[in-house]
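Residue numbers (mature numbering (1 follows the signal peptide of the UniProt record, and there is no 0)): -37 to -1, 1 to 848. We put the beta carbon where it would ideally sit given N, CA and C, even for glycine. Quick notes on the structure that follows.
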């Protein structure tokens, strides 16, 4: 039931603007009354604390006698025989000493796993339903060891009348038990549970529960997060409980839950455990409102514990508590969050934001206003569709609001995640209960799609033949006699494979008959050689060549590791050094980045952009080959290594080079390009410390003249991410400008953009540095190794450029051309000064910037000499959802 935590990493939210906050608050208030009414059921009576189910079918399959567990009685096979219709079944059991089930199974439920029914053919449990509505369905599976039946090889399907619960299900490990919990809305007086073994296989079940659920348990509506609004129609979906967490507390067993549920601890799901601390009160302190949350929604044990921000009394506004869970990204999910303000001392003192996969769910949630009291239970339901989930990870976050009043804190008491059935009425794949495959693409069947594609191809082929015939007919009769019509059906352009010369960067070509041009390798992954050599997208390397160049990808040759994969130093036979980036072939996202990088860099040539030489896609590999940058990433020259420090002039020249590269990206091609991942590790330095921008795997084509932005899911790196892009998912060139502003501060202060080891107020470099700047004390936090050598006018112009880059709204930020202008001006001011223009105050030990009138004539940046090639923009792959790199 519970998946594992998927990795760890720190997520820090960018500040939310005032207008965006007001809009989201208005949306929340618009939908909140409907949701509260739905959850409460409109009842003015006290919240019920007990529940007697209308149906309560409990079956211990294969057991010769009834089994009592947690005060409930599970019937034996003999007592439940009338419910089962089967072609042939067997009852098996084993002694407790032969069982070695995972420790997650409680000892109280262990008896349910000691026996099982095994089915050779299709078998059905039929239940009479006297009370329609939502019902719990709980299934227990454990492949008991048996001399005659190998249950670890059993493969079968489990369905109801309307829904597929499990398709081609198998429990291959004899030390593993599987518990499945569903919530199904039953609308008729009969409910069927069907087990269908695959051909020459078996099906089995250890125990079954079918129990009525309260009408108020699941409302018909919830808050959709993408886009923000109201989602209706939940009653038509089957739900599978994936996670049920008691946040901040220990596991809650069925005996302490009003509906016999298990609530697991959230330990192992919190992304940064040290960022939070557990708080608790006595369960008796928890109050329930007259409508809304009740003990049936969650027991008071859930609301009596919580996680809050560790050391929350800070001025920092960009810290979130984050829980990560593995999910199947092809399904939508119902997410229920439980809250109870057990930390505040007074009303209206706690305001915090709620996020689902980086998308705003509730802005400035004030629990005391909603419940009119402290320590009062409250919950909210959200729906996250497939477009808002990527890489199989669901992220739930709470973080402080940007309101000026109240305690800076955020809490979460409980969390439930439920998978929603899909278009096929399935919770496991795309086959419906009839066994028919349901294509999710606009309801078209596979046969219809094949027919349409065939028709389109036929029409295009016919049009091509007609066009060629007309051109052939226009030629003189003598010319037509010397050339047959069929020769015109050959490719119109048969070019030679081109590649970049490794040393000079000039274009070169293989002879048409060379071995290189005849490479026909095909990748097992199905995307091998997806770019024909004639398109001029760089040299196609063989895998053997790159193995030889890197000595079989020797770990000693690794010069860097990134989100795409490891980077190796390679050397060709002629001594030419290469940077060889080997990607993860099993990553779908890696394929997108691989394609984007090849399409883009092969058509861009600029002195301040890293040049791609070629690629390799043999044997399921994704390998990119670049020119070698001898001095590596800029970050290594700032901190974290023993390299000699850069002078202030060198840093200015490097920033200017990177700005020129980005300026060319934004303006140099027919349609601009947005890099989308500008940071110091993606600015590389050659042997002469010339800066070049690299890593174009996340890049996107800029908006056209008719557009103001590109709508796309958020991607980038924490600490560098444009807050406006984060809020609106609207990407512009100004998103790169914001990221570059963070780079400027990183160069000046020689510390990471995000550093969780520092005190809370210093975690985010951009916010921390701007706070010091607003106090007029920015000079106090710059790199002490260069502080004495910086001309104050140069520093003033540099800080002015960085500050403008970091404006909250893109419209207020300068273009990269303007940033370049300011940096070149700062360099001119530095070069024209003969000594540092600052004074030192001995009493307060800080550098005070002297305001001076700039008398130097600012330079006009001229990038024309750096442009080597312009080309039509490539076709870009769609890259989905926010993920830190």
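- Under the three-state reduction of DSSP output, residue 639 falls in the coil class, being neither helix nor strand.
- Taking C-beta atoms as the reference points, residue 120 and residue 75 fail to come closer than 8 Å.
- The closest CA to that of residue 652, considering only 742, 228 and 607, is found on 607.
- DSSP places residue 293 in the coil class of the three-state scheme, outside both helix and strand.
- Within the same chain, Cβ atoms closer than 6 Å to the Cβ of residue 126 are found at 201, 384 and 388, the five residues on either side in sequence being excluded.
- In the assembly as shown, residue 772 is an exposed residue. Its beta-carbon has fewer than 16 other beta-carbons within 10 Å.
- With at least 16 other beta carbons inside 10 angstroms of its own, residue 558 counts as buried.
- Excluding residues up to 5 positions away in sequence, 29 lie with their Cβ nearer than 7 Å to the Cβ of residue 42 in the same chain.
- Here the C-alpha atom of residue 52 lies approximately 15 Å from the C-alpha atom of residue 163.
- The alpha-carbon of residue 323 is positioned some 20 Å away from that of residue 369.
- DSSP lists 88 as the beta-bridge partner residues of residue 156.
- With respect to the C-alpha of residue 529, the residue from 567, 620, 574 and 658 having the closest C-alpha is 658.
- Contact check between the region 611 to 623 and the region 679 to 688: fewer than three CB pairs, one atom from each, fall below 8 Å, which does not count as touching.
- Note that the region 262 to 272 touches the region 236 to 252; at least 3 beta-carbon pairs, one per stretch, sit closer than 8 Å.
- One alpha carbon belongs to residue 143, the other to residue 239, and they sit about 31 Å apart.
- In this structure the region 341 to 358 lies against the region 283 to 303, because at least three pairs of beta carbons, one per stretch, are closer than 8 Å.
- In the structure shown, residue 318 adopts extended strand secondary structure according to DSSP, grouped into three states.
- Using a Cβ distance threshold of 8 Å, residue 664 and residue 571 do not count as a contacting pair.
- For residue 519, the three-state secondary structure derived from DSSP is helix.
- Ranking 106, 160 and 111 by CA distance to the CA of residue 87 puts 160 first.
- Residue 71 sits exposed, since fewer than 16 C-beta atoms from the chains shown fall within 10 Å of its C-beta.
- For residue 222, the closest alpha carbon among the candidates 175, 228, 254 and 205 is that of 175.
- Ranked by Cα distance from residue 580, the first of 545, 590 and 602 is 545.
- Three or more Cβ pairs drawn from the region 143 to 156 and the region 98 to 114 lie within less than 8 Å of each other, which places the two stretches in contact.
- Secondary structure at residue 650: coil, using DSSP grouped into helix, strand and coil.
- The Cβ atoms of residue 225 and residue 218 lie no closer than 8 Å to each other.
- Here the alpha carbons of residue 643 and residue 605 stand approximately 17 Å from one another.
- Annotation for residue 602: 713 place their beta carbon closer than 6 Å to its own, counting only its chain and skipping 5 residues before and after.
- Looking only at 649, 268, 104 and 619, the smallest Cα-Cα distance to residue 788 is reached by 619.
- Listed as beta-bridge partners of residue 577 by DSSP are 502 and 588.
- Here DSSP, grouped into helix, strand and coil, assigns residue 263 to helix.
- In the three-state DSSP reduction, residue 56 falls in the strand class (E or B).
- With contact defined as three or more Cβ pairs closer than 8 Å, the region 722 to 736 and the region 690 to 697 are not in contact.
- Per DSSP, reduced to three states, the secondary structure at residue 777 is coil, with no helix or strand assignment.
- In the structure shown, residue 342 adopts extended strand secondary structure according to DSSP, grouped into three states.
- Just so you know, the alpha carbons of residue 531 and residue 513 end up roughly 7 Å apart.
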